[in-house]
Structures are given as C-alpha cells and as structure tokens.
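Peer 1:
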Amino acid sequence: MNLAQDLLNAIRGLGVCEGDSVLVSSDMRRIASIAASRKERFGARAFILGLIEILGTEGTLLFPTFNWDFRKGVAFNYRTTPCMTGALGKAALSMEEFTRTRHPIYSFAVWGRDARSLYDMQNMSSFGKESPFSYLHSISKALVIDISLNESITFTHYVEEQVGTPEYRSMKSFTAEYTGPEGVAETKTYTMYMRNLDKIIARTIDPIGVDIDEAGLLNKTLFENIVPISVFMYSDFYNFAERDIKENRARKLCIYKGQED
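If you're matching positions, the sequence shown starts at 1269 in our numbering and goes up one per residue.
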C-alpha cells in the first residue's frame, strides 16, 4: 500500500464518507517529503481522485483557489488567474472533473453533486449569504491536513460578516477588470468584509478549534506520527464563533483595540 492510500484510509477513519460535502484545506509539503523518504511520488491528482471515490456520486468536493490580486486592481481572468492557496487547489484547477466558482478573490475548484449550483453563484460579497461560504455553513465538513485552523479557516470571516463585527471589520469595495467564463471582459466591483488595520492588533491561535475538540466535535489524528489531520462540521465552527462574537467580544478570534474597554 502506498502513502496516498494510507492517507485516504486515515481520512475515512475520521468520518469522511460517501455523500459528504467536503472542503479540503492543506499543506502537502510534509506529505510529499514522507513519500520521498519512502522512495514514492505523491501524486496530487491521484489523491484527489481517491477523495472523489470516497465521496461517491452524491458527494461534493471543494478546494480553495483564492487569489487576492483583484484587491490591488489587477485584472481577474476566470480561465487563467492562478490559485494562490496550495498544491491541491492548483491540481484541481487542471483537472477536467472540476469547475471553478466565479468570485475573483475567493473562488473554489468544485466537483460533484452541488458543483453546478456553486458555479452558478453570483455573489458580490466575498463572505455573503449568497456565497459558497454559506453553502459550507449549511452542509459541509472541513478536512484540514497539516495546517492550523487559524491559517485555514477563512470561513471565520463569513461568521464575522453574518453576525457583524464593526469593532474591527468593515465592508470594502474593490474594482478591476473581470473576465468571466464566457471570455467577456468588463469592469466589476466586489466587496469584502475586511479587518480594519488601525484596530486589529493580532489574531489568536486556534482557540475555536480547542473548543470544538473539547466538545467532542473534532475528529483528528496524527498521520505517520507527524502530520495532523482533522475533520469537523462548519456548522459547529459557526456556532462556537458566533457565540464568541456575541458573548465574548470575539476574544477567541482576534485581539483588537478597545476590546477590553
């Protein structure tokens, strides 16, 4: 049995199964290093196809394919703007099985039962109720491979926008040239609920993850005794983060000026 199959078996053991909707956040460098030490080659495509096999025809698989250049006024092209968020996202974009969602900053490579409805989303707000993040909230599991929740859980900003955190975030607009799937270029404006740099002091490190773990809602393992992997429901994360914002002034999400006043 090769490393990729071992990894897929570990993921099954964490409760990822047929019919699930799963977003994968990952840093695969140590996995690739372990494969090299075994004199194997870890193939991203083969691993992704293995995940598809686990999920089956009723499942949905997502990878982040984010690119933040649109915020700088750089033109976005649906077909050619690259993914900035990891090897698996890049690999998924190259596979005919996957479709990319349309947002110029927070796009996803998607496959499966709900791929078409995700592609059809026309959300202007990065983290709005009409965005893929709302879909994650309603139905999806998070699969996190060798990366901290603090680094991987962009979903936090969806919670912040829905609940409202004016103490340290506000809506900002970005306008640039946008070339969509049909190849038509036009000037478009998108919004993003962003931190106010004059208010944010620091982000905290995985406290919501600790809460989910202590509540028994986080399935986790240490693959090959070195690579942490975890699985949880986005709805559970939302509930913990919402409570922290409403009852604890978001102390488990960030540190901001005036928080202790």
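C-beta: ideal position from N, C-alpha, C; glycine also.
Near Phe1442, what residues of its chain come up, given a Cβ to Cβ distance below 8 Å and the 5 sequence neighbours on each side ignored?
Peer 2: Result list for Phe1442: Phe1338, Arg1339, Gly1341, Ile1373, Thr1457, Tyr1458, Thr1459 and Met1460, in chain order.
Peer 1: Hey, how far is the Cα of Leu1435 from the Cα of Ala1509?
Peer 2: The question names Leu, yet the displayed sequence has Glu at residue 1435. Distance between the alpha carbons of Glu1435 and Ala1509 is about 16 Å.
Peer 1: Do Thr1422 and Ser1375 have their beta-carbon atoms positioned less than 7 Å apart in this structure?
Peer 2: No, the pair does not count as a contact, with Cβ atoms beyond the cut-off.
Peer 1: As an exercise, report each continuous beta strand (DSSP E) stretch of at least 3 residues that is fully enclosed by the stretch 1444-1509, in chain order.
Peer 2: Segments of the beta strand (DSSP E) lying fully in the stretch 1444-1509: 1453-1463, 1468-1471, 1487-1491 and 1495-1501.
Peer 1: Measure the C-alpha to C-alpha separation of Ala1470 and Arg1306 and round it to an integer number of angstroms.
Peer 2: Cα to Cα, the separation comes out at about 40 Å.
Peer 1: Which residue comes first and which comes last in the alpha helix (DSSP H) that contains Val1427?
Peer 2: That run of the alpha helix (DSSP H) goes Phe1423 to Val1431.
Peer 1: Beta-carbon separation of Phe1310 and Ile1322 under 7 Å?
Peer 2: No, the Cβ-Cβ distance between Phe1310 and Ile1322 is not below 7 Å.
Peer 1: State the DSSP-derived secondary structure class of Asn1277, mapped to helix, strand or coil.
Peer 2: Of the three classes helix, strand and coil, the one that applies to Asn1277 here is helix, per DSSP.
Peer 1: I'd like to check one pair, Glu1419 with Arg1381: are the Cβ atoms closer than 7 Å?
Peer 2: Contact: no.
Peer 1: When DSSP labels each residue in this structure, what does Ile1320 get in the three-state scheme?
Peer 2: If DSSP states are grouped into helix, strand and coil, Ile1320 belongs with the helices.
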